[in-house]
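Enquirer:
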Amino acid sequence: MLRKKTAECEMAEIIDHEGRSHLYCNARHSGGHRCEALSENSGLYFDKPQIAPELVEPPLGCQGSVIGFPAPEFIPNDEADSKACGTSLLSPDTQTWLLFVHPTNKSSRRDMGVYLNRSPLHSSAWDRPKIIHRGPSGYSDLAYNGDKDQFSCLMECGKESELEQIAFTSFTLNDVMQ
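According to our numbering, the stretch in the sequence shown is residues -6 to 171, in order.
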């Protein structure tokens, strides 16, 4: 990763459909987009880093937060109370999905968004972001609360500058997928 002039790396574990562990690395990069790499040997070696075209980076870059979580079997329909009535979401290649939180504006640190990757062993598999803060946004930290199937995010944000406050927000996977 160092040869790509990367910094502020974030890591997540991905479990594939055979139960094997892979390490995913997402890094700040000076080229206008985030940089990604996978390791299949517990981090001893990483594959050649790839530019993630869906994950924009502002001109001076910005830290982002990534987390792996168990891929859901179903997302219930709005009217349905039963998982049997929901939409199947099983990924053919992994038991783990990824969320990434980062400013979405390529011109400045603005508009904090949540990106979903349902197939993290393939590069360029990120969905369009769900904006969770409109306006100046900076560094963030993401956590998964499996008991409640909920995500929590701390983020620098404000109205005039991303350094005005550290805000807390929670959301579900359904929120991100809408």
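Just so it is clear, CB atoms sit at the ideal spot from N, CA and C, and this is done for glycine as well. Note that the structure is a prediction, hence the values are computed from the model and not measured.
Let me see if you follow: with CB-CB separation under 8 angstroms, is His22 close to chain D or not?
Expert: Absent here is chain D; the protein component of the structure consists of one chain.
Enquirer: For Asp104, does the three-state DSSP call read helix, strand or coil?
Expert: Here Asp104 sits in strand by DSSP.
Enquirer: Would a C-beta distance cut-off of 8 angstroms place Ser133 and Val94 closer than the cut-off?
Expert: Yes; because the gap between Cβ atoms is below 8 angstroms, this pair is in contact.
Enquirer: If we ignore side chains and look at the alpha-carbon of each, how far apart do Arg102 and Ser130 end up?
Expert: Answer to the nearest angstrom: the Cα atoms are 5 angstroms apart.
Enquirer: Exposed or buried, what is Glu50 when buried is set at 16 or more other beta-carbons lying within 10 Å of its beta-carbon?
Expert: Looking at its Cβ environment, which holds 16 or more other Cβ atoms inside 10 Å, Glu50 is buried.
Enquirer: By the 10 Å Cβ neighbour count, where 16 or more other Cβ atoms means buried, how is Tyr38 classified, buried or exposed?
Expert: Burial call: exposed.
Enquirer: Let me know the secondary structure DSSP gives Ala77 once reduced to three states.
Expert: Unreliable placement is indicated for Ala77, whose pLDDT of 47 sits below 50; the coordinate value is still reported in the next sentence. Ala77: helix per DSSP, three-state reduction.
Enquirer: State buried or exposed for Ser100, treating a residue as buried only when at least 16 other CB atoms are found within 10 Å of its CB.
Expert: Burial call: exposed.
Enquirer: What does a CB cutoff of less than 6 angstroms around Ala20 pick up in its chain, not counting 5 residues either side in sequence?
Expert: These residues qualify, in order along the chain: Met(-6), Thr(-1), Cys2 and Cys28.
Enquirer: Which term fits Pro42, buried or exposed, when burial requires 16 or more other beta carbons within 10 angstroms of its beta carbon?
Expert: Buried, since its Cβ has 16 or more Cβ neighbours within 10 Å.
Enquirer: Run the CB neighbour count on Ala45, radius 10 Å, all protein chains shown included, and call it buried at 16 or more, exposed below.
Expert: Buried is the call here.
Enquirer: Suppose the cutoff is 8 angstroms on Cβ atoms and the five residues either side in sequence are ignored; what does the same chain contact list for Leu114 look like?
Expert: Ile7, Asp9, His15, Leu31, Asp86 and Thr87.
Enquirer: In three-state terms, what does DSSP make of Asp142?
Expert: Three-state result, Asp142: coil.
Enquirer: Rounded to whole angstroms, what's the CA-CA distance from Asn167 to Ala118? Just pull it up for me.
Expert: If you take the alpha carbons of Asn167 and Ala118, they lie about 18 angstroms apart.
Enquirer: DSSP three-state label for Leu166, please.
Expert: Three-state result, Leu166: helix.
Enquirer: Distance, Cα to Cα, Phe62 vs Ser154?
Expert: Taking the straight line joining both Cα atoms gives about 31 angstroms.
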